[in-house]
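Asks: The structure's right below; bear with me while I get my questions together.
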Ligand SMILES: [Zn+2]
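Numbering (the numbering used here), first residue to last: 171 to 232.
As structure tokens, then:
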């Protein structure tokens with residue numbers, strides 16, 4: 171049994187119809203610039219949010 175959850179466009183947050191492809195939506199509804207801008211904003215966000223364990227306190231026994 172195949173169940174496809176509805177796909178949400180990450181660019182405009184529109185829920186796509188079940189028979190619609192995200193790729194078709196991006197090509198049909200968005201310009202290359204819009205998609206590029208989204209990708210860049212995702213990368214910027216990834217740089218702001220710390221990834222890893224930078225906040226882990228590093229106590230040494232005293
Ligand atoms: Zn969209």
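Where is the CB? At the ideal position from N, CA and C, for every residue including glycine.
1. For the alpha helix (DSSP H) containing residue 191, list its first residue and its last residue.
2. Our contact map puts residue 177 next to residue 192 with C-beta atoms below 8 Å; I'd like the distance itself, whole angstroms only.
3. Check residue 185 in the structure and name its three-state DSSP category.
4. What is the C-beta distance between residue 186 and residue 179, in whole angstroms, given that I count them as a contact (C-beta under 8 Å)?
5. Near residue 205, what residues of its chain come up, given a Cβ to Cβ distance below 8 Å and the 5 sequence neighbours on each side ignored?
Replies: According to the structure shown:
1. First-last for residue 191: undefined, no H or E at that position.
2. 5 Å
3. strand
4. 6 Å
5. 181 and 196
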